[in-house]
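Trainee: Chain order of the listed sequences is A and B.
Going by the numbering used here, the residue at position 73 of the first sequence is 73; the numbering climbs one at a time, nothing skipped.
To convert a position in the second sequence, counted from 1, into the numbering used here, add 1000.
Protein chains: 2
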Amino acid sequence: MPHADTAGMLRLQALLDAMPPVRALGLRVDHLGAERIRLAAPLARNFNDKGCAFGGSLASILTLAAWGALEVALHRAGEDVDLYIADSRLEYLAPLYDELQAEAGLPDAETLATLRAKLAARGRGGLTMQAEARDASGRLVARLEGRYAAVRRD
Amino acid sequence: MPHADTAGMLRLQALLDAMPPVRALGLRVDHLGAERIRLAAPLARNFNDKGCAFGGSLASILTLAAWGALEVALHRAGEDVDLYIADSRLEYLAPLYDELQAEAGLPDAETLATLRAKLAARGRGGLTMQAEARDASGRLVARLEGRYAAVRRD
Chain A
1 MPHADTAGML
11 RLQALLDAMP
21 PVRALGLRVD
31 HLGAERIRLA
41 APLARNFNDK
51 GCAFGGSLAS
61 ILTLAAWGAL
71 EVALHRAGED
81 VDLYIADSRL
91 EYLAPLYDEL
101 QAEAGLPDAE
111 TLATLRAKLA
121 ARGRGGLTMQ
131 AEARDASGRL
141 VARLEGRYAA
151 VRRD
Chain B
1001 MPHADTAGML
1011 RLQALLDAMP
1021 PVRALGLRVD
1031 HLGAERIRLA
1041 APLARNFNDK
1051 GCAFGGSLAS
1061 ILTLAAWGAL
1071 EVALHRAGED
1081 VDLYIADSRL
1091 EYLAPLYDEL
1101 QAEAGLPDAE
1111 TLATLRAKLA
1121 ARGRGGLTMQ
1131 AEARDASGRL
1141 VARLEGRYAA
1151 VRRD
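1. By the 8 Å beta-carbon criterion, what residues does the region 1077 to 1101 of chain B contribute toward chain A?
2. Exposed or buried, A:ALA59, counting other C-beta atoms within 10 Å across all chains shown (16 or more means buried)?
3. Indicate the three-state DSSP secondary structure (helix, strand or coil) for A:ASP135 in the structure shown.
4. Can you tell me which of the three DSSP states B:ASP1017 falls into?
5. If you drop the 5 nearest sequence neighbours on each side, which residues of the same chain put their C-beta closer than 6 Å to that of B:ALA1104?
6. So, using beta-carbon positions, are A:LEU129 and B:ASN1048 closer together than 7 Å?
7. With contact counted as at least three CB pairs below 8 Å, one residue from each stretch, are the region 1086 to 1097 of chain B and the region 80 to 95 of chain A in contact?
8. Where B:LEU1144 and A:ALA77 are concerned, what is the direct C-alpha to C-alpha distance, given to the nearest angstrom?
9. State the CB to CB distance for the pair A:LEU100 and A:ALA133, rounded to an integer number of angstroms; the pair is presumed to be in contact (CB under 8 Å).
10. Thinking just about the alpha-carbon of each residue, which of A:GLU79, A:ALA41, A:HIS31 and A:ALA53 is nearest to the one in A:LEU119?
11. Which word fits A:GLY126, buried or exposed, when buried means at least 16 other C-beta atoms lie within 10 angstroms of its C-beta?
12. So the alpha helix (DSSP H) A:GLU79 belongs to, where does it begin and stop?
13. With 8 Å as the limit, tell me which residues of the region 43 to 59 of chain A have their beta carbon closer than that to any beta carbon of chain B; keep them in chain order.
14. Return the CA-CA distance between A:ASP108 and A:LEU83, expressed in angstroms with no decimal places.
15. What's the call for A:GLY146, buried or exposed, on a 16-neighbour Cβ count within 10 Å?
16. Given a threshold of 16 other Cβ atoms within 10 Å of its Cβ, counted over all protein chains shown, does A:GLY56 qualify as buried or as exposed?
17. Within the continuous beta strand (DSSP E) that includes B:ALA1041, where are the two ends?
18. What are the start and end residues of the beta strand (DSSP E) that includes B:GLU1145?
19. For A:THR111, return the contacting residues in chain B, with the cut-off set at a CB-CB distance below 9 Å.
20. Which stretch, first to last residue, makes up the alpha helix (DSSP H) that contains A:ARG116?
21. Throw me the rounded Cβ distance for the A:MET9 and A:LEU27 pair, which I believe falls under 8 Å.
22. Using the C-alpha atoms, what's the distance from B:VAL1141 back to A:LEU15?
23. Drop a sphere of 10 angstroms on the beta-carbon of A:THR63, count the other beta-carbons inside from all chains shown, and report buried for 16 or more, exposed for fewer.
24. If you run the structure through DSSP and keep just helix, strand and coil, what is A:GLY33?
25. Give the DSSP-derived three-state secondary structure of B:ALA1059 in the structure shown.
26. Go to B:GLY1105, then tell me how far its beta strand (DSSP E) extends in each direction, as first and last residue.
27. Using beta-carbon positions only, say whether B:ILE1061 and B:ALA1102 come within less than 7 Å of one another.
28. Measuring CA to CA, which of A:LEU39, A:VAL81, A:ALA53 and A:ARG139 is closest to A:ARG116?
29. Between A:ARG122, A:ASN46 and A:ALA73, which has its C-alpha nearest A:ARG11's C-alpha?
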């Protein structure tokens, strides 16, 4: 396990806990490092009529993993923005009977610099992000590609 | 308002209430008729860090509206199936500060007949469905196109 950003995890957890539907999922920030974030939520709160993970809960945790990765990267860079999802593509590859987990990579330095230049020039900018959900054995069960829009708060 | 299928609404509501993450959204079957279904959920349970509707909750209610439309149509036709979401495309067009509502049309007779022929031949079949979310003034705020897979239970 790489070095964890404990202060960043606590900050993001507080941000997520302030959203009632996210608290209802039982969602927690499982890991936050320099380059990746992982969220988790118990199956007991997130199963469907078939006893496996509810698609809407997978959509939520994947949407939030990619959102959180971008939010953290922009916060670390000193940006104060509102971050919206603009669109997403979700693939559900296999039923999941384990804890829900979703992982996303933070944008790299060059991608972040390009986005920050847009924010500086126009007060807003967009970025496409990915997130993946795997079962306990490591098999990919769902993935998201989504476009996010950042808008400076000022 | 067209004729409502009250028994069908109660059956679907019970099915939805059996899923903990759906109950957490406060989701209710607002209307079910011969051709359309509408689901609703209070903003108070579904707002995000910006005070508008959480994208994950919109994903859930849209996914369930299209799922519910197909579930009801297959149930009315006497099919006993498990119904899974396979993939979806979500567009978030505007922030929503009202109650969440999502509407979907039931598949028409010909589409349903084609799907039932696949179920009869192979025990499974798929269908692409749409759902829309509008604000209180009727403006489109989000939409989903998703592929669903039906698998006969027996």
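Backbone N, C-alpha and C fix where the C-beta goes; we use that ideal spot for every residue, glycine too.
The structure displayed is predicted, hence computed values, not measured ones.
Mentor: Once the coordinates are examined:
1. ASP1082, TYR1084, ILE1085, ALA1086, ASP1087, SER1088, ARG1089, LEU1090, GLU1091, TYR1092 and PRO1095
2. Result: buried.
3. coil
4. helix
5. ILE1037, ALA1065, ALA1066, ALA1069 and ALA1131
6. The amino acid occupying residue 129 of chain A in the given sequence is Met; Leu does not appear at that position. For the pair A:MET129 and B:ASN1048, the CB atoms are not nearer than the 7 Å cut-off.
7. yes
8. Going from the Cα of B:LEU1144 to the Cα of A:ALA77 covers about 34 Å.
9. For A:LEU100 against A:ALA133, the beta-carbon gap comes to about 7 Å, under 8 Å, which counts as contact.
10. A:GLU79
11. exposed
12. Segment: none, A:GLU79 is in no alpha helix (DSSP H) and carries neither H nor E.
13. ALA44, ARG45, ASN46, PHE47, ASN48, ASP49, LYS50, PHE54, GLY55, GLY56, SER57 and ALA59
14. Each residue's CA atom was taken as its position, placing A:ASP108 and A:LEU83 some 18 Å apart.
15. buried
16. buried
17. Unbroken beta strand (DSSP E) run through B:ALA1041: 1036 to 1041.
18. 1140 to 1152
19. Ordered by position in chain B, no residue passes the 9 Å Cβ test against A:THR111, which lies about 21 Å from the chain.
20. 109 to 122
21. In fact, because the Cβ distance is near 13 Å, the residues do not count as touching under 8 Å.
22. Linking A:LEU15 to B:VAL1141 through their CA atoms gives a straight-line distance of about 24 Å.
23. Counting Cβ neighbours within 10 Å, A:THR63 comes out buried, since at least 16 surround it.
24. coil
25. helix
26. Here the beta strand (DSSP E) through B:GLY1105 covers 1100 to 1105.
27. yes
28. Nearest C-alpha to A:ARG116 among A:LEU39, A:VAL81, A:ALA53 and A:ARG139: A:VAL81.
29. The residue among A:ARG122, A:ASN46 and A:ALA73 with its C-alpha nearest the C-alpha of A:ARG11 is A:ALA73.
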